[in-house]
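Position one of the sequence shown corresponds to residue 59 (our numbering), numbered consecutively onward. Structure first, then comments.
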Amino acid sequence: MTIEQAQEEAKRNLWLHFTRMSSYQDAEIPVIVRGEGPYVYDQHGKKYLDGLSGLFVSQVGHGRTEIAEAAAQQMSELAYFPLWSYAHPKAIELATRLADLAPGDLNRVFFTTSGSEAVESAWKLAKQYFKLTGEPARYKVLSRDIAYHGTSMGALAITGLADIKPPFEPLPPGGVRVPNTNFYRAPLFADDKVKFGQWAADEIERAILREGPGSVAAVYLEPLQNSGGCFPPPPGYFERVRQICDTYGVLLVSDEVICAFGRLGYYFGSQRYGYQPDIITFAKGVTSGYAPLGGMLVSDRLMEPFNEGTATFLHGITFAGHPVSTAVALANLDIFEKEDLLGNVRSHEGAFRATLEKLYDLPIVGDVRGDGYFYGIEMVKDKATRESFNDDESERLLRGFLSHALFDAGLVCRADDRGDPVIQLSPPLICNQEHFDFIEQVLREVLTEAWTRI
Ligand SMILES: Cc1ncc(COP(=O)(O)O)c(C=O)c1O
């Protein structure tokens, strides 16, 4: 297929996700054709640093033949069999390995194929668990403003991004919002992180009391919130949230679709911040994207009622825990161990932060925040007042200039204005100073140019 043919067919037949298709009427659709390590290459052979790991996915980087071999071997041995009433060896092996890696008594794994399915499965589990244990009125779920938890109807009801919901309403009832932990824009206690964190956690308690404790099933929190541009938890936040959940019998779901598998230097984000969830949802990095897989890790306590009598979790997905995906996940985790990727993140994260913080000398850089290999850079019109861009400026800045300019400069990252305008970075876990320097250099050039265009 020629480059021209591919463009024509892509424009005629392919529907890109969350994409204004009209914006490609007179522009070329970028076509990524191959990857190697932390780099990808487009249809013209141009090289890019994959500064977003695809979509927070490619932890071990691209082109790992040992994972491809594991997939090929599994396909010839057993390409498919469902987890409906049956098991297969790779699902068993992976479930046990994940249970060993996970914090506390999260010993039961329910596989899915995606993050949205994991998030929605956890909601269904919470609802059925409470029906089985004599609290049938608990169905509501709390989640944070601007947090993204997926797009299927249930997951969308949990997602905190108001703008992506109206076309699909009415959504399943029960989604309730609480404040996020954006300290840069703290409405209260802006000079005290601990007090701010306490307030943000206490808002969860207030929401539970407002809704009626007997009606609330779960609270969904990412260890470090992605959407909005990387909001780490303030000190003490999760400790207080755990207390609140215990007081009111509400389940704590740690949505680690992004934060698990090394993104924050630990297998699970909850381990980094030292809290014990009742359920962890995961996807993305579990296979580094070599095959689709998601799932939830569930505590022994939540599993108990399902171990008795006729109780059955009335939920299933044809491709969940697919033999090839689980074989791929095991090969992926082998690489984590062999190359000590968690150690790589922990030993380089300080350098990553320091390199990005050099950008503070630019007038447009308001805040650099994150942890591990996961950062957001918030852009502002006025550093002193933290004034942000209005909708029109944001549109011109992000869609009109930054997204293209960063890509043209050879850096895949994300310019996002679902909250305030941010650039997000989440490079493969194999990256080191050479890659941080490249990221800094591209951002410096492009953001300097952006400033002149406002
Ligand atoms: C925290 C979180 N939860 C859920 C999802 C949904 O995952 P998926 O796109 O695999 O359905 C995402 C996707 O980015 C996510 O970041």
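Just so it is clear, CB atoms sit at the ideal spot from N, CA and C, and this is done for glycine as well. Note that the structure is predicted; figures quoted are calculated from it, not measured.
Item	Value
Within 8 Å, strictly: CB atoms of P96 and L110	no
Span separating the alpha-carbon of I61 from that of Q101	7 Å
Per-residue DSSP class, three states only, for L460	helix
Burial state of I481 (16 or more Cβ within 10 Å)	buried
Enclosing beta strand (DSSP E) for Y106 [first to last residue]	K105 to D108
Near ligand 1: N284 beta-carbon under 7 Å from a heavy atom	yes
Validate contact between the segment 149–157 and the segment 244–256 using beta carbons, cut 8 Å, 3 pairs	no
C-alpha distance - R196 paired with G408, whole-angstrom precision	43 Å
Classification of G401 by the beta-carbon crowding that lies within 10 angstroms, buried from 16 upward	exposed
From D398, S285, N448 and A180, residue whose alpha carbon lies closest to that of I222	S285
Where F447 sits in the DSSP three-state scheme	coil
Identity of the residue in E453, V423, N490 and V91 nearest W509 by Cα	V423
For T506, three-class secondary structure by DSSP	helix
Coil, strand or helix - D120 by DSSP	Going by the sequence as given, residue 120 is His instead of Asp. Three-state result, H120: strand.
Anticipated Cβ contact below 8 Å, V236 with R268, distance rounded	That pair is no contact at about 10 Å.
Sequence-distant residues of its chain with Cβ nearer than 8 Å to Y99 (five each side left out)	I90, V91, R92, G93, K105 and Y106
Unbroken stretches of the beta strand (DSSP E), 3 residues or longer, contained in the segment 375–430	423–429
Cutoff 8 Å; reference V465; Cβ partners in own chain excluding five residues on either side	Sequence check: residue 465 is Phe here, not Val. Result list for F465: P88 and Y106, in chain order.
Validate contact between the segment 112–119 and the segment 328–344 using beta carbons, cut 8 Å, 3 pairs	yes
Environment of P519 [buried if 16+ CB atoms lie within 10 Å]	Given a span of 59 to 512 for the chain in the structure shown, any question on residue 519 remains unanswerable.
Proximity below 8 Å, CB of E415 to CB of V403	no
D336 versus T370, H120, V308 and S405, residue with shortest Cα-Cα distance	V308
Rounded C-alpha distance that separates E86 from Q301	52 Å
Selection from R457, M133, T443 and G353 that minimises the alpha carbon distance to S174	G353
Element boundaries [beta strand (DSSP E), containing S328]	First-last for S328: G327 to Y331, but that is the alpha helix (DSSP H), not the beta strand (DSSP E).
Unbroken alpha helix (DSSP H) run spanning R298, endpoints	Y295 to Y306
H207 beta carbon less than 8 Å from that of V234	no
K198 - containing beta strand (DSSP E), residue span	K198 to R202
Same chain only: Cβ atoms within 7 Å of I262, ignoring 5 sequence neighbours per side	L200, V236, V277, V299 and I302
Best match in V356, N390 and E297 for proximity to G332 [C-alpha to C-alpha]	E297
Residues near C317 in its chain [Cβ-Cβ closer than 7 Å; skip 5 each side]	E280, P281, L282 and G327
Secondary structure of Q83, DSSP reduced to three states	coil
Through-space distance from L372 to E492, alpha-carbon basis	50 Å
Assigned secondary structure, G468 (DSSP; H/G/I helix, E/B strand, else coil)	coil
Sheet register partners of D474 (DSSP bridge)	V480
A184: CB within 7 Å of a non-hydrogen atom of ligand 1	no
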